[in-house]
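Undergrad: Going from the sequence shown to the working numbering is simple: count from 1 and add 3.
The C-beta atom is built at its ideal place from N, Cα and C for all residues, glycine as well.
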Amino acid sequence: MSAFTWIVLSLTVLQVFAQDGMLYSSANFPSFYQNEEGIFRCTFTLAQDEFNSITGFGYIKVGDPATDVKGCLVTSAAGTKTVNTADADVVSTEDCEAAFSSLEASLTATIVLKSTLTEVGEYTCFWFNSASSFETGSKLEVDQLMVAPTQLDMTITPDMMMYSGDTLGVVCLSQGGSPASNFSYEKNGIALQGEPSYEVGPADDGSVFKCVDKTHANYNGGQSNLTSQEKKITVFYLNSNKPELSHMAVNPMRTELLDCTTDGNLPDGVTIMYSWMKNDTVVSTEPILEVSKTDVNETMSELYECTVSTTDSKLGTVMVGYNITWDVQTTTPAKPPSTMKPKPKTTTEKDDKADTGNSKQAGSTTTIVIIVVVVTIVILVVIVIIIVVRKRKSNSAEVSKGATQETSPEQADPEKGASEEVDATAEEKNKLLETPDDNNPSDEPEPETSVTEESEKTPS
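1) Excluding five sequence neighbours on each side, which residues of the same chain lie with their C-beta closer than 6 Å to the C-beta of valine 273?
2) Could you tell me the alpha carbon to alpha carbon distance between methionine 51 and serine 133, rounded to whole angstroms?
3) Helix, strand or coil for glutamine 51? Go by DSSP, reduced to three states.
4) Excluding sequence positions up to five away, which residues of its chain have a Cβ less than 6 Å from the Cβ of alanine 102?
5) Restricting to Cα atoms, I'd like to know which of Leu261, Gln178, Ser249 and Tyr240 is closest to alanine 151.
6) To the nearest angstrom, how far is it from the Cα of glutamate 53 to the Cα of phenylalanine 47?
7) For tyrosine 188 versus leucine 261, is the C-beta distance shorter than 8 Å?
8) I want to know whether the stretch 61-80 touches the stretch 157-166 - three or more CB-CB distances under 8 Å.
9) Short of 6 Å in beta carbon distance, which residues of its chain neighbour threonine 127, apart from the five on each side in sequence? Order them along the chain.
10) Whose C-alpha, out of Asp67, Glu100, Pro68 and Val376, is nearest the C-alpha of threonine 78?
11) Would you tell me roughly how many angstroms separate the C-alpha atoms of leucine 248 and aspartate 283, rounded to the nearest one?
12) Using 8 Å as the threshold, is the C-beta distance between methionine 165 and isoleucine 236 below it?
13) Mind checking which residues open and close the beta strand (DSSP E) that includes alanine 102?
14) How should leucine 306 be labelled, buried or exposed, when 16 other C-beta atoms within 10 angstroms of its C-beta is the threshold for buried?
15) From which residue to which residue does the beta strand (DSSP E) around aspartate 156 run?
16) Would you report the Cα separation of serine 295 and arginine 257, rounded to the nearest angstrom?
17) Are leucine 110 and lysine 73 close, meaning C-beta to C-beta below 8 Å?
18) With DSSP run on the structure shown, which of helix, strand or coil describes threonine 370?
19) Can you give me the C-alpha to C-alpha distance between aspartate 208 and valine 238, rounded to a whole angstrom?
20) Go ahead and label histidine 250 buried or exposed: buried means 16 or more other beta carbons lie within 10 angstroms of its beta carbon, across all protein chains shown.
21) What separation, rounded to the nearest whole angstrom, lies between the Cα atoms of glutamate 125 and threonine 85?
22) Using a 10 Å radius around the Cβ and a threshold of 16 neighbouring Cβ atoms, would you call isoleucine 380 buried or exposed?
23) How many Å lie between lysine 213 and alanine 91 at the Cα?
24) Helix or strand or just coil, what does DSSP make of threonine 379?
25) Report the partner residues of cysteine 263 according to the DSSP bridge assignment.
26) Leaving aside the five residues before and after aspartate 67 along the sequence, list all residues of the same chain whose C-beta is less than 8 Å from its C-beta, in chain order.
27) Out of curiosity, what's the CA-to-CA distance linking valine 93 and threonine 83?
28) Whose C-beta lies closer than 7 Å to the C-beta of lysine 317 among residues of the same chain, with five residues either side of it excluded?
29) Might you give, ordered along the chain, the residues of its own chain that have their beta carbon closer than 6 Å to the beta carbon of threonine 230, omitting 5 neighbours on each side?
30) Bridge partners of serine 304, per DSSP?
31) Given a threshold of 16 other Cβ atoms within 10 Å of its Cβ, counted over all protein chains shown, does threonine 323 qualify as buried or as exposed?
32) For a test of the three-state rule: what should DSSP assign to alanine 81, helix, strand or coil?
33) Can you tell me where the beta strand (DSSP E) holding threonine 170 begins and where it ends?
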């Protein structure tokens with residue numbers, strides 16, 4: 004509820020009790036601020052003759068002259084009454100006319116007057132006529148005029164930038180206010196219990212703080228927003244989302260990766276350093292360590308510890324550890340041959356191995372069958388192609404031979420041609436034998452031997 008509403012309600016209650024002659028202090032109601040505009044309600048109940056003689060109504064500080072009236076004036080001329088404001092900063096002419104109309108109708112009215120108080124004292128609502136003034140019974144005693152602070156300051160310690168583990172302190176101060184201010188504190192828009200003072204951690208990084216003046220919360224009708232400027236803090240920290248110690252049962256012959264990476268909010272220029280230890284010996288300075296075992300004959304354990312630090316000692320250190328158990332029960336054949344004697348296999352393991360071997364053999368057999376079928380098909384295709392080519396060549400040869408016999412009879416019957424050639428040669432020889440020799444006339448001719456006969460003797 005706004006301060007404006009509180010003032011209205013409180014003054015209304017005050018007027019009711021004041022009807023019985025009681026006087027109430029502003030300490031029981033929302034306070035007035037110096038030179039701040041507030042609300043003052045004045046209730047009037049008049050007799051008919053009082054209304055007929057009224058020349059004004061409003062409020063005034065007790066002891067001040069009537070010329071300091073704050074309210075409305077009523078003037079009469081030719082039997083007609085006119086209502087105007089005595090101070091436009093206190094009440095408008097329209098409000099004065101409305102209040103007078105209510106008095107005229109029922110002789111009862113309540114007028115709302117704006118109060119701009121400049122000093123403490125007793126104030127009273129009244130009406131007056133040309134002869135005198137009369138209090139209405141509505142009174143207000145102002146024993147203190149408050150003064151709002153001119154400035155609010157918030158100080159954060161040790162600084163706006165701090166390290167995880169530092170103790171945060173938030174203090175608010177006001178200047179120029181009266182009375183002194185009391186404060187409430189907020190973190191990220193949520194009210195805190197009392198003045199913040201605690202050890203900050205990573206979760207506080209980026210938090211926003213502010214303070215609110217509770218003493219002067221009603222200043223300017225509650226619209227003044229008497230709060231400090233918001234301030235955001237930065238918390239530097241080094242953090243790890245890994246457990247401090249992890250237990251792992253792993254298989255020898257297999258490489259394991261041990262992770263030591265961290266996160267956090269580090270100042271500019273700060274470097275993270277890693278140190279892996281095994282048996283008090285540094286084995287790596289990298290954030291991730293590779294470990295494996297090839298010479299494990301029985302189950303054994305090893306401890307690897309990683310220390311994370313920075314070049315800024317205020318950030319502290321982070322420890323991450325891994326307890327590795329090399330379990331030979333889970334060993335499987337590895338890349339290098341092992342010197343260990345193979346452990347006797349159970350019936351189930353043998354059956355599983357046999358099933359695996361049969362599956363592999365069945366797969367190999369299927370592959371071989373497919374290859375044989377493909378090769379057979381290729382061979383058959385090649386054979387068919389060769390047969391077709393040879394058949395075509397044979398047909399071509401027969402066609403060529405038939406054409407030769409039609410054009411040359413001798414070629415068609417080679418024995419007959421050869422016999423005719425022999426007969427022609429014998430005939431030429433006989434002609435040569437029958438020619439006489441002129442140089443030897445006395446010589447007896449030799450017995451003629453027919454070339455024909457020789458040729459006949461010659462087996463055909």
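TA: Concretely, from the data shown:
1) Thr313, Thr314 and Asp315
2) What sits at residue 51 in the sequence shown is glutamine, not methionine. Cα-Cα distance, rounded: 16 Å.
3) Correct three-state label for glutamine 51: helix.
4) Cβ neighbours of alanine 102 beyond the five flanking positions: Ala112 and Ile114.
5) Out of Leu261, Gln178, Ser249 and Tyr240, Gln178 has the C-alpha closest to the C-alpha of alanine 151.
6) 11 Å
7) no
8) no
9) Val65, Glu138 and Lys142
10) Glu100
11) Computed Cα separation, rounded: 17 Å.
12) yes
13) Careful: alanine 102 lies outside any beta strand (DSSP E), inside the alpha helix (DSSP H) at 96-109.
14) exposed
15) 154-160
16) Straight-line spacing of the CA atoms in serine 295 and arginine 257 works out to 6 Å.
17) no
18) helix
19) 5 Å
20) exposed
21) 30 Å
22) exposed
23) Whole-angstrom Cα-Cα distance: 40 Å.
24) helix
25) Answer by DSSP bridge pairing: none, since cysteine 263 is not bridged.
26) none
27) 25 Å
28) Tyr166
29) Residues of the same chain with a CB within less than 6 Å of the CB of threonine 230, apart from the 5 flanking positions on each side, are Lys213 and Val215 in chain order.
30) By DSSP's assignment, serine 304 forms a beta bridge with Thr328.
31) Correcting the residue type first, residue 323 is valine in the shown sequence and not threonine. By the 10 Å Cβ count, valine 323 comes out buried.
32) coil
33) 170-178
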